[in-house]
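Numbering (this note's numbering), first residue to last: 82 to 575. Heads up, the thing below is written out as structure tokens.
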Ligand SMILES: Cc1cc2nc3c(=O)[nH]c(=O)nc-3n(C[C@H](O)[C@H](O)[C@H](O)COP(=O)(O)OP(=O)(O)OC[C@H]3O[C@@H](n4cnc5c(N)ncnc54)[C@H](O)[C@@H]3O)c2cc1C
């Protein structure tokens, strides 16, 4: 993604890009669910959506279904879209809260077209008129990230990027500045450059092994530290949403692609063994496994500086937050966008790096808070892990956000961050955090009027969904479906 993004923006500007990667090491081989922003990344690169979807076996994604997070048996969808429309400038959820508090209880989900479409396994592209139900929502993809990397490799090479196969075994630093002067490959080749972008995954070959930048460990807030992943045959037509099911010691994902379903169990090894986690995952697959389960180890957190001297860490080398809200590929995109905007010259102004780090720190902080919300907005206390979350001290930024919601459904707006107020509403209401009051201005309408308007919205949302095609049919008709042998899988197993 980085080579593709930079080569698109800087081609013909006298900048040459060399991508060094090692087939022997390979990529992490997971990462299948994304956020809507990736569409704008592809568009900026001039990539045709259908070509991309066929190449990566992508399905459409309308949101994430969360099962068993508030209490066991609960389910809700965090959609890529708002609930209803503001009425007289007041967010819709305040009217829903008013009804709720007056005995008219309903699912907030009933006022969201993308949720209802997802629940029915339906999909179509948003229409051109934003004011219409069925137009005002976002969507993302569920895809094979290894195939995406291959796809972007071809794209980058076409844009002049030189790909060098080889393993980096050392970095040579300039004694006076500590900047990386060159990297040494195992095959004897040495490569010099002005700027090094470390996309080496958890290893952090340059940012950590060479520059010893340091890591902010966030395990006290997000203690899950392992995952086991396995693809399986799909049991039915691919659904346009990802599922995240809470478990005793973590949570399990289910991500439907065109040719298979991706599955994984993210867990805290304090409360479950690797064998037991693998057993639980394998015993809940919807179809036969297509590879051996793959074990992954991680520590939640981020590098102290994502840009240090002349090295910028993008991807897992910069940090990792568990994939509960599909944010890692998005953080890569944020890193690329910020780097393009603050692209240095040979003087490497300290202000560029400082601003880059400030922006990326905020992005990571915001994602951390949002992920943590899922664990703490819960009534569960049925296992050691859930009891741990009930007693933890939260970051101040999250405490303020939850307090403002709990009192009157108000959403403190962050200066920066990927998740906008409707996402916070989805999780807080979906996990049964019900405010004690609501925006007083919602009382301006009579209760009857509020009931009438919300009922009309619900009715038209269901009607719009009834006219929406099945997701699988849409993929086919749209020309996004790959022609492939069903059993082929690019998933690499250990
Ligand atoms: C359990 C789990 C689930 C995830 N799910 C999602 C998800 O649903 N959505 C999402 O957005 N993200 C997800 N992610 C994150 C996602 O997988 C990564 O953000 C994404 O794959 C990018 O990884 P990367 O390129 O930083 O690292 P990697 O994939 O590890 O790639 C590192 C590259 O560096 C090369 N390399 C490493 N060392 C050397 C060396 N010494 N010399 C030469 N080359 C080297 C490797 O060959 C490889 O090409 C998940 C991560 C985990 C752990």
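In this text, a Cβ means the ideal position worked out from N, Cα and C, and glycines have one as well.
Span of the alpha helix (DSSP H) around residue i
i, result
"residue 413", "409 to 422"
"residue 484", "477 to 489"
"residue 362", "355 to 363"
"residue 289", "Where residue 289 is concerned, there is no enclosing alpha helix (DSSP H), given that its DSSP letter is neither H nor E."
"residue 506", "502 to 511"
Buried versus exposed, by CB contacts within 10 Å (16 or more), residue i
i, result
"residue 391", "buried"
"residue 564", "exposed"
"residue 404", "buried"
"residue 414", "buried"
"residue 206", "exposed"
"residue 517", "exposed"
"residue 225", "buried"
"residue 354", "exposed"
"residue 186", "exposed"
"residue 57", "Missing from the structure shown is residue 57; the chain here goes from 82 to 575 and no further."
"residue 142", "buried"
"residue 386", "buried"
"residue 512", "buried"
"residue 176", "buried"
"residue 560", "exposed"
"residue 124", "exposed"
Chain B within 9 Å of residue i, Cβ atoms only
i, result
"residue 436", "No chain B appears in this structure, which consists of one protein chain only."
Host beta strand (DSSP E) of residue i (start-end)
i, result
"residue 334", "331 to 337"
"residue 307", "307 to 313"
"residue 159", "156 to 160"
"residue 442", "Taken as a continuous stretch (DSSP letters only), residue 442 belongs to no beta strand (DSSP E), being part of the alpha helix (DSSP H) at 431 to 457."
"residue 297", "296 to 298"
"residue 99", "99 to 102"
"residue 263", "261 to 266"
"residue 375", "375 to 378"
"residue 271", "271 to 273"
Residue from the options whose Cα sits closest to the Cα of residue i
i, options, result
"residue 380", "119, 307 and 439", "307"
"residue 320", "201, 123 and 130", "201"
"residue 299", "132, 382, 281 and 253", "382"
"residue 223", "559, 334, 443 and 510", "334"
"residue 464", "393, 349 and 97", "349"
"residue 234", "158, 354, 89 and 375", "89"
"residue 230", "548, 221, 244 and 408", "244"
"residue 164", "242, 210, 214 and 99", "214"
"residue 255", "501, 560, 275 and 336", "275"
"residue 562", "133, 86 and 101", "133"
"residue 113", "131, 278, 312 and 432", "312"
"residue 240", "91, 316, 393 and 486", "91"
"residue 478", "503, 452 and 467", "452"
"residue 536", "547, 500, 180 and 232", "180"
"residue 343", "227, 499, 528 and 446", "227"
Residues bridged to residue i (per DSSP)
i, result
"residue 223", "114 and 140"
"residue 241", "BP columns for residue 241 are empty, so no partner."
"residue 352", "Answer is none; residue 352 lacks a bridge partner."
"residue 148", "156 and 326"
"residue 370", "313"
"residue 254", "261"
"residue 383", "297 and 400"
Near ligand 3: residue i beta-carbon under 8 Å from a heavy atom
i, result
"residue 284", "Here the bound small molecules are ligand 1; ligand 3 is not part of this structure."
* To do: Mind listing, in chain order, the continuous alpha helix (DSSP H) runs of no fewer than 4 residues lying wholly within the stretch 521 to 557?
  => With a minimum length of 4 residues, the continuous alpha helix (DSSP H) runs that stay inside the stretch 521 to 557 are 528 to 547.
* **Uninterrupted alpha helix (DSSP H) stretches inside the stretch 157 to 210 (no shorter than 4 residues)** => 173 to 182 and 194 to 200, all fully within the stretch 157 to 210.
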